[in-house]
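Presented below is the structure to which this report refers.
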Amino acid sequence: MSLKSTLSIPVAKFIRQRMMKSVERPDQAQAAVFNHLISTAAQTAFGKEHGFGNISAPRDFKKHVPVRDYENLKPWLEKVKDGDSDILWPGKPIYLSKTSGTTSGTKYIPITSESIHNHIDTARNALLNYIATTGKSKFVGGKMIFLSGSPELAKTNGILTGRLSGIVNHHVPGYLRGNQLPSYDTNCIEDWEMKVDAIVRETVDKDMRLISGIPSWVQMYFEKLLKFTGKETILDIFPNFSLFVHGGVNFSPYKAGFDKLIGGHVDTIELYPASEGFIAFQDRHDEEGLLLNVDSGVFFEFIPLDEVHNENPTRLTLQEVKTGVQYALVLSSNAGLWAYSIGDTVKFISTDPYRLIVTGRIKHFISAFGEHVIGEEVDRAMQIAATEFNAEIREFTVAPQVKPADGLPYHEWFVEFSIPPSDPEGFRNRLDALMQQQNIYYKDLLDGNILRTLEVRTVQQEGFIGYMKSIGKLGGQNKVPRLSNDRKIADALLSGGWII
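Counting in my numbering, the sequence shown runs from 14 upward without gaps.
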């Protein structure tokens, strides 16, 4: 075992012990975060206009500060982007994280000298927690890779601007710089396919032990490695590969395909990072759920999903949430975001400690007929059906077909298989049965002859890559939406010739 690996164990135990103090007292941790946020921002333009001086508790905050999404907070964010000081948080941000928005075009999320620690320290804590709870630290002595966006940063009115993954790349601790791959020059390649090819050449003969990224893009990297080397599995290439860190999408539908590509067991850690804040991470590797980050500059509120479009929705603090209920996630942070709806939906599976799973996006659903199908439901149905019919999934998305040429409307599933199901019709029927079991509204629409059973369209190999490339969103942190309430993606797949 290397010196780094050996030394990481006592450090990991110390950090976990410190972390558990806030985990054991989450209400106190959130109260301390709330009080610090309000007092620090009281003299900002936003704080003055919203009466922060009169806010002493979350109940006051709800009265003074409405829930906003990016579009509604944009007038304030534009002032920050223009280089004005003391708008949402004292001073100016040190970075603007550039990300794609569904309705707002490109979004610019501030990252301040205080909030950068939320991103960096939480990623560190996730890895150190893994070491502390498993005793496994050998990966620290080898090479590590995170498939991410370019670390090259531009300037917007004097503020460094780039993708979150590129910003974070500049804050990798010095003691891990020697372990990090790819090189800076390779990481700066903009064309994603050229970049992955370069990463393959740069890493193929290295002692890779930790690999991290969005599953679909890591899968692309693995497949290119196997093609380049002629090897059968990733463990044939990287025999010491032992830890896969992932986030961004539900990993379950990809797992069978990954197990086959890897050729053996490797541990996994799931993360829940966002430009708006690092929300949670997997702290126990024998249980489902992500530990909420209660003591890292972010104050959380939760709106019951059935109230998310209400003018004055119920806003719950952490101690008021219940397990098994779908919530829209709202946060306020030391980045200067206030009662900000990030667009994600979550469900708590434990309140002691607070562990959650990400269930979808507010804007990613199907409810063309009132069924309100959500991401969690289609992910679970796909995982079970794929397992039962020996299929492996590369990618999929679902859209409503409201005006078919013949017959009743239906839900259309576009699926790219690594291995197709052993019985395609049985697979389709099982998917539909699983959806009916999970969503009573969907079942009622079928029983009432409003909808007919779903259809599965097979997408050709690398069809989703072709689609993402065609819209300029290939690679990095870009993801294919699991659900759409319109036909934009579906029609693009059909018109692009990517359907078999």
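The beta-carbon is built from N, C-alpha and C at its ideal position, and this holds for glycine as well. Predicted model only: the values in this text are computed from it and were never measured.
The region 38–48 touching the region 308–316, judged by at least three CB pairs closer than 8 angstroms | yes
Close Cβ partners of residue 351 (< 6 angstroms) along its chain, the five nearest in sequence each way excluded | 78 and 345
Buried versus exposed call for residue 530 [16 or more other C-beta atoms within 10 Å across all chains shown] = Nothing can be reported for residue 530, as the shown portion of the chain is limited to 14 through 513.
Decide if the region 409–417 is in contact with the region 485–496; the criterion is three or more beta carbon pairs, one per stretch, under 8 angstroms apart.
-> yes
If we ignore side chains and look at the alpha-carbon of each, how far apart do residue 299 and residue 93 end up?
-> 43 angstroms
Just reading off the beta strand (DSSP E) that residue 356 is part of, what are its end residues?
-> 353–364
For residue 116, which residues from the same chain have a beta carbon less than 7 angstroms from its beta carbon, with the 5 sequence-adjacent residues on both sides left out?
-> Model confidence at residue 116 stands at a pLDDT of 46, short of 50, so the residue's coordinates are unreliable; what they give is reported in the following sentence. Cβ neighbours of residue 116 beyond the five flanking positions: 84.
Whole-angstrom Cβ separation of residue 154 and residue 179, contact assumed at under 8 angstroms?
-> 26 angstroms between Cβ atoms; not a contact.
DSSP state of residue 206 mapped onto helix, strand, coil = helix
Every unbroken beta strand (DSSP E) inside the region 269–336 [3 residues or more] | 280–287, 290–294, 303–305 and 311–317
One or two residues paired with residue 468 in a DSSP bridge = 425
Opposing strand residues paired with residue 430 [DSSP bridges] = 406
Residue 402 beta carbon less than 8 angstroms from that of residue 366 | no
With respect to 7 angstroms, is the separation between the Cβ of residue 355 and the closest non-hydrogen atom of the ligand COA below this value?
-> No copy of the ligand COA occurs in the structure displayed, which carries no ligand at all.
Beta-carbon gap between residue 38 and residue 141 smaller than 8 angstroms = no
Which runs of the alpha helix (DSSP H), 4 residues or longer, sit entirely within the region 157–216?
-> 177–182, 187–190, 197–200 and 205–216
Please say whether residue 267 and residue 7 have beta carbons closer to each other than 8 angstroms?
-> In the structure as shown, the chain starts at 14 and stops at 513, and residue 7 therefore has no counterpart that could be examined.
The beta strand (DSSP E) enclosing residue 444, as first and last residue numbers = Where residue 444 is concerned, there is no enclosing beta strand (DSSP E), although the alpha helix (DSSP H) it sits in stretches over 437–451.
Which of the three DSSP states, helix, strand or coil, is assigned to residue 344?
-> strand
Residue 255 beta carbon less than 8 angstroms from that of residue 156 | no
Excluding the five sequence neighbours on either side, which residues of its own chain have a C-beta within less than 8 angstroms of the C-beta of residue 173, listed in chain order?
-> 107, 108, 109, 166, 167 and 180
Compute the beta-carbon to beta-carbon distance between residue 265 and residue 302, rounded to the nearest angstrom, for a pair I have assumed lies under 8 angstroms.
-> Incorrect: roughly 13 angstroms between the Cβ atoms, too far for contact.
Same chain only: Cβ atoms within 6 angstroms of residue 261, ignoring 5 sequence neighbours per side | 227 and 492
Quick check: the region 494–513 against the region 375–382, are there 3 or more CB pairs under 8 angstroms?
-> yes
Assuming residue 445 and residue 464 form a contact by the criterion Cβ under 8 angstroms, report the distance between their Cβ atoms to the nearest whole angstrom.
-> The Cβ separation is near 10 angstroms, so there is no contact.
Leaving out the 5 sequence neighbours to the left and right, which residues in its chain are closer than 8 angstroms to residue 383 when beta-carbon positions are compared?
-> 454 and 458
Could you tell me how far apart the beta carbons of residue 358 and residue 373 are, in whole angstroms, since I believe they sit closer than 8 angstroms?
-> 5 angstroms
Which residues in the same chain have their Cβ closer than 7 angstroms to the Cβ of residue 511, if we skip the five residues on either side of it in sequence?
-> 472, 473, 476, 479 and 480
Under 8 angstroms, do residue 413 and residue 80 count as touching if we go by C-beta distance?
-> no
Answer with buried or exposed for residue 441, where buried requires no fewer than 16 other C-beta atoms within 10 angstroms of its C-beta.
-> buried
Among 398, 186 and 432, which has the Cα closest to the Cα of residue 17?
-> 186
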